[in-house]
Amino acid sequence: MSRSLLDSSDSRLQFAGHETFPLRYGWLKKAYDAVRTSLSNDSQICSVFTDDSAIAHFGVGRNMVLSIRHWAIATDVLSAEDRPGERAARITTGKLGDLLFGDSLDSYLEHPGSLWLLHWMLAGKPGRATTWHWAFNEFHEPTFDRELMRRRLSRRCEELVDAGRLGKGRSISGITIRRDVDCLLRTYFALTGGARRVPEDSIESPLAELGLVQKAGVGELFRFRRGPKSSLPDEVFLLALVDFWRTYYPLRRSFSVDFLTFERGSPGQVFLLDEEAVAERLIRLDALTDGALRWDESSGMRQLYAHNLDDIDEWVVLRAMFRRDLRSAAA
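Numbering (the numbering used here), first residue to last: 0 to 330.
Here's what the structure looks like:
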């Protein structure tokens, strides 16, 4: 097993930012549309989240405006670029936002592939949603409650502080860890009932539809659901695989099924697929990529080979999938 991506990634590790609000339906499109309109009026500045009019524009409180911004950037619906000498990051539209909302291929997140793409953007790499990446790649308890997850995350943060990965003199508070754990569970699990819950808390996150976190018996026990994911399109799996491959192992020409199932940051790990489910998808990638990826088990070792990784444009493949399914739905 390789070194943890939290230890080795060049990405800036970030916690919190969501203001305790999980992602909600409609937020990403609203953020994308607001930024695109702002950029069309002034290509140099986008201040839709910081203007005095932001609360009225989005129809929510200040903390929720910040949460909308956080989720849009964390999922690559928007892109934030830090520039030397500028106090605030420059906000532009992101590649996934352009695909879903700019091209109007799935403006209301009705296609299951869109939800899997959002999940990959959150959990596939360390970065703005570090706790999400840690939970799906390093937290391997068969069952857990909030307290166990908090303790494990707290210990991991202490290790990151000791290794200097969080910046000089920086630490993560217990309150931040508790809020991240609570928000993560509310992102992937639809909580039920309870007279003490306010109406806003009953609104499910769209990612709860993926069924990645389930109750485990009675009480507040949870588990991650590993196994085949029938709603996960091969095209989304391909994007995740190519993203993982190019980011962390650009010089490698092959991977084993086991590696792509259990390695940190791999599509099998992030999507919680079992080994056979990963193998079945790898077999189909030859046709999906016109031979750029090739499956081989002739030597007794099940391997995926890259004939030419540069020949794959995973975003073109995704667009073709959405357009095909849009035509099918309209027929």
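Think of the CB as a built atom: it goes at the ideal place given N, C-alpha and C, for glycine as much as any other residue.
Given that a residue counts as buried once 16 or more other Cβ atoms are within 10 Å of its Cβ, and exposed if not, what is residue i?
i, result
"Ala33", "buried"
"Met300", "exposed"
"Tyr24", "exposed"
"Asp179", "buried"
"Leu228", "According to the sequence displayed, residue 228 carries Lys and not Leu. Counting Cβ neighbours within 10 Å, Lys228 comes out buried, since at least 16 surround it."
"Asp295", "exposed"
"Glu158", "exposed"
"Ala319", "exposed"
"Lys214", "exposed"
"His331", "Given that the chain is displayed from residue 0 to residue 330, the structure contains no residue 331 and the question cannot be resolved."
"Thr260", "buried"
"Leu47", "In the sequence as displayed, the identity of residue 47 is Val instead of Leu. It is buried - the Cβ of Val47 has at least 16 other Cβ atoms within 10 Å."
Who are residue i's beta bridge partners in DSSP?
i, result
"Gln213", "Arg222"
"Ala305", "Leu292"
"Phe143", "Phe221"
Please say whether residue j and residue i have beta carbons closer to each other than 9 Å?
i, j, result
"Gly96", "Ala73", "no"
"Phe321", "Gly173", "no"
"Gly290", "Ala276", "no"
"Leu209", "Leu303", "no"
"Gly206", "Arg224", "For the sequence presented, residue 206 should be read as Leu rather than Gly. In this structure, Arg224 does not lie closer than 9 Å to Leu206 by Cβ."
"Leu287", "Asp233", "yes"
"Leu117", "Leu108", "yes"
Can you give me the Cβ contacts of residue i inside the same chain, cut-off strictly under 7 Å, excluding the 5 residues immediately before and after it?
i, result
"Leu121", "Ala73, Thr74, Ala128, Trp131"
Among residues of its own chain, excluding the 5 on either side of residue i, which ones have a beta-carbon nearer than 6 Å to its beta-carbon?
i, result
"Phe135", "Ala122, Val269"
"Gly192", "Unreliable positioning characterises Gly192 in this predicted model, as indicated by a pLDDT of 48, which lies under 50. The coordinate reading is nonetheless provided below. Closer than 6 Å at Cβ, skipping near neighbours: no residue."
"Arg145", "Val180"
"Val76", "Leu27, Tyr31, Gly93, Leu95, Gly96"
"Gly126", "Ser10"
"Ala55", "none"
"Ser153", "Ile176"
Should residue i be counted as a contact of the ligand FAD given a C-beta to heavy atom distance under 8 Å?
i, result
"Thr129", "By its list of ligands, the structure shown contains no ligand whatsoever, and the ligand FAD lies outside what it can speak to."
Got a sec? Which residues, its chain only, sit under 8 Å from residue i by beta carbon, not counting five neighbours each side?
i, result
"Arg155", "Leu5, Trp133, Glu137"
"Gly101", "Tyr31, Arg35, Thr92"
"Tyr352", "Shown here, the chain extends from 0 to 330; a query on residue 352 therefore has no answer."
At what residue ranges does the stretch 35-102 contain a whole run of the beta strand (DSSP E), taking only runs of 3 or more? Within the stretch 35-102, the complete beta strand (DSSP E) runs of at least 3 residues are 77-80, 89-92.
Go through the stretch 221-281 residue by residue and report every complete run of the alpha helix (DSSP H) that reaches 4 residues or more, in order. Qualifying alpha helix (DSSP H) stretches, in chain order: 233-247, 256-261, 266-269.
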